[in-house]
């Protein structure tokens with residue numbers, strides 16, 4: 005075997021091992037007191053610091069979305085789904101990464117919307133009201149209890165949804181004024197057009213020392229152990 009082939013194989017194995025160890029680390033039965041880190045910075049976007057409190061809407065939303073799939077997969081043990089490895093990714097880690105992506109996306113587009121003095125129309129407000137209603141109706145009792153334990157208020161999460169809706173309004177404007185080859189979804193957090201904007205015009209950094217300690221799936225839920233307490 006040639007040296008470069010061996011080097012590639014070694015790099016692949018090392019990467020896979022790192023991902024496995026990281027997943028085991030954040031998924032194991034361990035105590036991490038999220039409540040004592042609510043004011044700490046999780047991610048900084050263009051110089052703006054987003055704390056754990058700022059992230060709670062995205063954490064709550066994504067945990068609820070994944071948990072619903074987990075209930076279909078195994079109603080008796082939803083944690084089994086959270087620990088799955090699907091299409092080269094661990095479900096728990098994918099959710100953790102997507103939370104960051106959503107928060108960064110909305111912070112950038114919300115800031116742009118404010119700079120351009122965009123406001124919600126009557127139709128936008130109706131959409132937001134429906135969005136808030138759906139969000140609160142979809143939450144499990146366990147999530148309500150844990151949000152209260154973490155001192156997260158309804159007003160805080162509603163404000164996050166307002167910001168996300170205003171960010172979406174800017175996204176709509178961006179799509180309308182941009183290239184016809186891109187549709188609205190191309191400007192989503194995982195969209196190609198947005199990724200080009202992110203890479204060329206913005207910066208963000210994650211406080212990985214803190215964020216890696218958070219076991220996503222066990223912040224507003226508790227899967228058989230005292231995670232994130």
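Residue numbers (this note's numbering): 5 to 233.
For every residue, glycine included, the Cβ atom is placed at its ideal position computed from N, Cα and C.
Give the straight-line distance between the Cα atoms of residue 1 and residue 166, rounded to the nearest whole angstrom. No statement about residue 1 is possible, as the shown extent of the chain runs from 5 to 233 and does not include it.
Between which two residues does the alpha helix (DSSP H) harbouring residue 137 extend? For this step, residue 137 is matched to residue 133 along the chain shown. Taken as a continuous stretch (DSSP letters only), the alpha helix (DSSP H) holding residue 137 covers 126-142.
Which residue marks the beginning of the alpha helix (DSSP H) containing residue 212, and which one marks its end? Here residue 212 is taken as the residue at index 208 of the chain shown, counted from 1. Start and end: 212-215.
Which listed residue (76, 139, 170) has its alpha carbon closest to that of residue 118: Numbered from its first residue, the chain shown carries residue 118 at position 114. When each option's Cα is compared against that of residue 118, the closest is 170.
Based on DSSP bridge pairs, tell me the residues matched to residue 54. Against the chain shown, residue 54 aligns to sequence position 50. Per DSSP, 47.
Distance cutoff 8 Å, beta carbons only. Does residue 221 sit that close to anything in chain C? Protein chains in the displayed structure number just one, and chain C is not present.
With distance defined between alpha-carbon atoms, name the residue in 225, 190, 218 nearest to residue 40. Working through the chain shown from its first residue, we reach residue 40 at position 36. Checked all of 225, 190, 218; the closest Cα to residue 40 is 218.
Looking at residue 78: is its Cβ nearer than 8 Å to the Cβ of residue 85? Numbered from its first residue, the chain shown carries residue 78 at position 74. Numbered from its first residue, the chain shown carries residue 85 at position 81. It is a contact, given that the beta carbons lie within the stated cut-off.
With three or more C-beta pairs closer than 8 Å as the rule, is the segment 101-118 touching the segment 39-53? yes
Is it the case that the segment 53-66 contacts the segment 175-184, given that we only count it when at least three CB pairs across the two stretches are under 8 Å? no
Determine the direct distance from the alpha carbon of residue 80 to that of residue 185, and round the result to whole angstroms. By 1-based counting over the chain shown, the position of residue 185 is 181. By 1-based counting over the chain shown, the position of residue 80 is 76. Going by the C-alpha atoms only, they are around 45 Å apart.
Exposed or buried, what is residue 82 when buried is set at 16 or more other beta-carbons lying within 10 Å of its beta-carbon? In the chain shown, the residue the question calls residue 82 occupies position 78. Residue 82 should be labelled buried.
The alpha helix (DSSP H) with residue 171 in it runs from where to where? The residue you call residue 171 lines up with position 167 of the chain shown. Looking at the DSSP string, the run of the alpha helix (DSSP H) that includes residue 171 is 158-181.
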